[in-house]
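K.L.:
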Amino acid sequence: MPDLGSELRKVARVVLLDRDDRVLLLHGHEPDDRSDDWWFTPGGGVEGDETREQAALRELAEETGITDVELGPVLWQRTCSFPFDGRRWDQDEWYYLARTAATADVRPELHGTGLTDLERRSVAGARWWTYRELADAHETVYPTRLAELLNRLFDDGPPSRPLVLDTEIV
């Protein structure tokens, strides 16, 4: 079991909702095994002295090309550890709510100049999901319980302070 007390990679993720409350998820896979796949929210590591908010917006633009967003509060925080591309990633993730005027018909650009080599080898596409589609899906989605978390968000609005999610070790 990994030692999550060690230095964690600081990560900012974006729960991007369109005007119809669809959430944008990226479709990732192991670089050498497309059958080992999952869906996840856009985002990534904080670089240099940037804030998590700056990292969230930068990562969203780099990964999807979407820049017309209104960044909201941190919804959730989680610590996670998972194997990917031959190494273990130990992360402290903050999930920001964001809204865009883009509609679900807009296809995010996933092959822009902002993608790293690893992202080009491991991200197969993106999709806007409704809450119901997520709740009914038999796909692996991170964070775990995303449909339940979205349902709570839609029913209660953003929490007054970030909800700390269970640690996930894959």
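Using this note's numbering, the final residue of the sequence shown is 666, and nothing's skipped along the way.
Beta carbons are placed, not taken as given, at the ideal position from N, Cα and C, and that holds for glycine.
1) Helix, strand or coil: which one does DSSP assign to Glu566?
2) What whole-angstrom Cβ distance do Pro538 and Leu556 have, given they're in contact under 8 Å?
3) With a threshold of 8 Å on Cβ separation, who are the neighbours of Gly524 within its own chain once the five nearest residues in sequence on each side are excluded?
4) Can you look up Thr560 in the DSSP assignment and give me helix, strand or coil?
5) Is Pro639 closer than 7 Å to Arg574 when the C-beta atoms are compared?
6) Where in the region 530-558 do unbroken runs of the beta strand (DSSP E), each at least 3 residues long, occur, reported from the N-terminal end onward?
7) For Ala597, does the three-state DSSP call read helix, strand or coil?
8) With C-beta atoms as the reference, is Trp590 less than 7 Å away from Val519?
P.N.:
Well, looking at it:
1) Strand, per DSSP.
2) That belief holds up - the Cβ atoms of Pro538 and Leu556 are roughly 5 Å apart, short of 8 Å.
3) Around Gly524: Asp533, Trp534, Trp535, Phe536, Ser618, Val619, Ala620.
4) Thr560: helix per DSSP, three-state reduction.
5) Contact annotation: Arg574 and Pro639 have beta-carbon atoms nearer than 7 Å.
6) Taking only runs of at least 3 residues, the beta strand (DSSP E) segments lying wholly in the region 530-558 are 539-541.
7) Reduced to three states, the DSSP call for Ala597 is coil.
8) Taking 7 Å as the Cβ cut-off, Trp590 and Val519 do not qualify as a contacting pair.
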